[in-house]
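Read through the structure below, which is laid out as structure tokens, and then see the notes.
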Amino acid sequence: MLSRENISRIHLTTRQDIKNIKRSFGLTNQRHADDATSVRLMLEEMAELGADNPILGCKFQGCLSSEYEGLNNEDFFLAIQHPLQKEMLKKFGKEIVCVDSTYGTNSYNFKLITVLVVDDFGEGFPVAWCISNREDFTALRKFFLLIKNNTETSITFNFFMSDDAPAFYNSWSDVFDFPGKKLLCYFHFDKAIRKKIEVLIKNKMKACEVYKAISILFSETNEQIFRKMFEKFLNNLKEDSDTEGFYHYFLNKYNNREKEISMCFRNGCKIRTNNHLESYHRDLKYNYLSGKVNKRLDFCLYKLMELVKDKGCKRIVKLERGKISSKKKSIELRHAKSLNLDVSLIQKESNNSFIVKGSRSNYNVELSESKCPMECHLRCSKCLVCIHEVKCSCLDNVLNGLICKHAHLVCRTQKVSKKSHDNLTSVSEEIASVHKILAKPWIAETSITELSQSTDKLLEEIRSQISNLDQFKYKEKIMEAKRMLKNINNFLKIEEPELGLPIQNSANNKNVIRQRSFFSTKKERKISSHLTKPSFEEMNNIREALLDDDDVTIPEFNHQAYCLQSQVNEEVNDPNVRPAKKRKLENHKYFILNIQQQNILKYILNKNVSGPDFQNKGLFSEEDLKNDNEITDSIINYDLTSIQKLFTAEAWEELQK
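Residues in the sequence shown are numbered from 1 upward in steps of one, following full-length UniProt numbering.
Written as structure tokens, this is what we have:
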């Protein structure tokens, strides 16, 4: 134990001290001031690793090769797979593979394409990278082909998830003969649907109801019910003139693709979105690239290798002492909730099939007869059942990939055979394997004897090349080589290392630009229409309407749409003004109010606000408040700020009194 007498400054070292030392001594991983040259030198050093070389293939700009057919002279291509990534792909690739790209890792607009799998802890692990200026079928097919050749064994993939870009799936299925299911990331689907609904459906009330219907429709876990609801939903869109434009878009874009989106076709897949990839992208940019704009490609490569090593070390720690991940905590929480359920709710269908009666509906729980295909760590510590050995029809199991409370109730109360998993041997073997891979350097190391021999060989090769050059034609190149050799000679004469000056090419305090989606540059006034997820009551009403055989329209709920005309140009009523220009001259504000907001206005203004005549030229002013009767005391139970947007500043101030 350190005492006050023998403690020194070195014992108080902080992370900032390390950064200061790095900056003061000019410590850098650059092989050369020129980024392209530095990357070449780094790849040449990695090539000396032989079979452990993480570089699968590389094509620099300014060169053509028959090996990279289809890539142009100005294209750049670099495929990377660390030996640890190769083993992780073999081990966990059969479940689900996610592919996505990101930008901002270099200043050349090269995309970083990542292939990621989900491990036995329910966490993402990147298993291959590609850095290229192209993201089309040709470049992706070459990337996936290099991965296939490097793994050396055939892997059967069950699920493939990506965004809506077809190049990812087309190139993947072309290389791997993919027999599994293609899944569309629901986040990208939801984002595209929101945007098109707001553009194609002008009636804001119907836009809200269409979005809610889509949310309920693609969350359905029963295939027969889904198909019936889907057919009814399309008919409703087609028959309504306000939604006909969206109907044609939806039919052209997503017809015959419901298997990629709907939950009823995702049995066995425990993820719904590419959230693992998004989490990895954030970790790379903010933890490894320090949240700053990265310009050099060699620094990006160095950080990718560092990320793999860190991932391997973290996996060793998790295997050695275990880890209570967020999914593990959620599973234990569901077990605690199952203690509040009564055993009488269970109805046994067969030895491995049960019906659990719920307050809202009944749920089918099925137990798998086969043992979990891998030593899974997502296991309930009390039920001893793994997440792959039980399946339920509830959304908690289908959407979140958890052992729900219904499954816990069945496993806890029924005589379910508890499968013991003696995985100490396999865990110790994997720890030893990861240790062995990480112990190997990612840059080749040589002994003093080998270093001396390679130096002599290199000097002889330089002498031979210079003597073979035409001294008149390559005079500048010879002079540059002489200058570099002179610098090397001066460097070797230095007895003590001198402090190097740091090289700064950009501001160190410049923050990284947050990843953004596509946006329109056209300046339009924002319409305050909010597309929200449906409530439980709305879910039941929409499901009943879509399952009803009678001809019904999309159901309406307690929400009302109100139009407040803020400004109307006097020329609007001119018959010579075209309808398109007339819409531009009229500036509208649309507000969609729920039943609570309607009640607040009714109590304040003492009038029926749910009628169709509720319109006003401009926001509510002080005169509107004075013309009404005394405000009742009933509004004290409501949050008045929810309707603040409907009043002018003066009226709102008067209302607060």
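Where a beta carbon is used, it is the ideal one built from N, C-alpha and C, also for glycine. Quick caveat, the model's predicted, so the values are computed rather than measured.
Does the distance from the CB of residue i to the CB of residue j come in under 9 Å?
i: R543; j: I113; result: no
i: M263; j: L378; result: no
i: L546; j: K232; result: yes
i: F157; j: K94; result: yes
i: D396; j: R296; result: no
i: G70; j: K142; result: yes
i: L284; j: L301; result: no
i: P54; j: H32; result: no
i: K328; j: F121; result: yes
i: E123; j: H281; result: no
i: Y254; j: F189; result: yes
i: Q237; j: V210; result: This sequence places Leu at residue 237; Gln is not what is there. Yes, the pair counts as a contact, with Cβ atoms nearer than the cut-off.
i: F159; j: V99; result: no
i: V293; j: G57; result: no
i: S393; j: T221; result: yes
i: L184; j: M205; result: no
i: V365; j: A407; result: yes
i: T273; j: F218; result: no
i: S361; j: H388; result: no
i: L646; j: F620; result: yes
i: L469; j: I478; result: yes
Shortest alpha-carbon distance to residue i belongs to which of the options?
i: D332; options: P166, N364, S66, L409; result: Correcting the residue type first, residue 332 is Glu in the shown sequence and not Asp. Among P166, N364, S66, L409, the Cα nearest to that of E332 is on L409.
i: N352; options: E95, L458, K391, M42; result: K391
i: S467; options: V115, K482, A439; result: K482
i: S101; options: C394, D120, L140, K22; result: L140
i: C208; options: K533, N222, E69; result: K533
i: Y108; options: Q465, D298, T455; result: D298
i: T413; options: Q453, L339, C380, G401; result: L339
i: A439; options: E429, K181, I18, L84; result: L84
i: S344; options: K357, K337, A336, F189; result: K357
i: A432; options: Y363, V308, Q453, E320; result: E320
i: F137; options: A167, T221, T37; result: A167
i: R257; options: T151, C383, N490, K182; result: K182
i: H435; options: S290, M229, V317; result: V317
i: S359; options: E389, S454, K473, D342; result: D342
i: residue 661; options: M46, A36, T153, S325; result: This structure cannot settle anything about residue 661, because the visible part of the chain is limited to 1 through 657.
In the structure shown, what three-state DSSP assignment does residue i receive?
i: T641; result: helix
i: N489; result: helix
i: E570; result: Residue confidence is low: E570 scores 44 on pLDDT, short of 50, so the model does not pin down where it sits. Its coordinate-derived value is still stated next. Reduced to three states, the DSSP call for E570 is helix.
i: A649; result: helix
i: T521; result: Caution applies to T521, whose pLDDT of 47 falls short of 50 and renders its modelled position unreliable; the model cannot decide the point.
i: I18; result: helix
i: residue 682; result: Residue 682 lies beyond the stretch modelled for the chain, which goes from 1 to 657, so this question has no answer here.
i: N397; result: helix
i: S279; result: helix
i: T455; result: helix
i: L12; result: helix
i: C300; result: helix
i: R379; result: strand
i: N203; result: coil
i: T37; result: helix
i: V427; result: helix
i: N511; result: strand
i: D620; result: Reading off the sequence, residue 620 comes out as Phe, not Asp. Strand.
i: I466; result: helix
i: T102; result: strand
i: residue 658; result: Lying before the first or after the last residue shown, residue 658 is absent from the chain, which here runs from 1 to 657.
i: Q504; result: Confidence at Q504 is low in this model, with a pLDDT of 46, below 50, so its placement is unreliable and the value that follows should be read with caution. Note: Q504 maps to coil in three-state DSSP.
i: I527; result: Residue placement at I527 cannot be trusted, given a pLDDT of 46 that sits under 50; what the coordinates show is reported in the next sentence. I527: coil per DSSP, three-state reduction.
i: G62; result: coil
i: V317; result: helix
i: P166; result: helix
Could you tell me which residues DSSP puts in a beta bridge with residue i?
i: F160; result: V97, K182
i: P126; result: L116
i: A79; result: G57, C130
i: I346; result: V356
i: K292; result: N511
i: M390; result: A small fix is needed here, since residue 390 is Val in this sequence, not Met. The partner list for V390 (beta bridge, DSSP) reads L367.
i: K111; result: S132
Looking at residue i and the ligand COA, is the gap between the Cβ and the nearest heavy atom below 8 Å?
i: E220; result: As for the ligand COA, it is missing from this structure, which has no ligand bound.
contact_flag[the region 40-56, the region 108-125] where n(CB pairs < 8 Å) is 3 or more: no
At least three beta-carbon pairs within less than 8 Å, the region 307-321 to the region 132-146: no
Touching by the beta-carbon criterion (3+ pairs, under 8 Å), the region 124-142 and the region 71-85: yes
Cβ contact check for the region 156-174 and the region 195-208: 3 or more pairs under 8 Å: no
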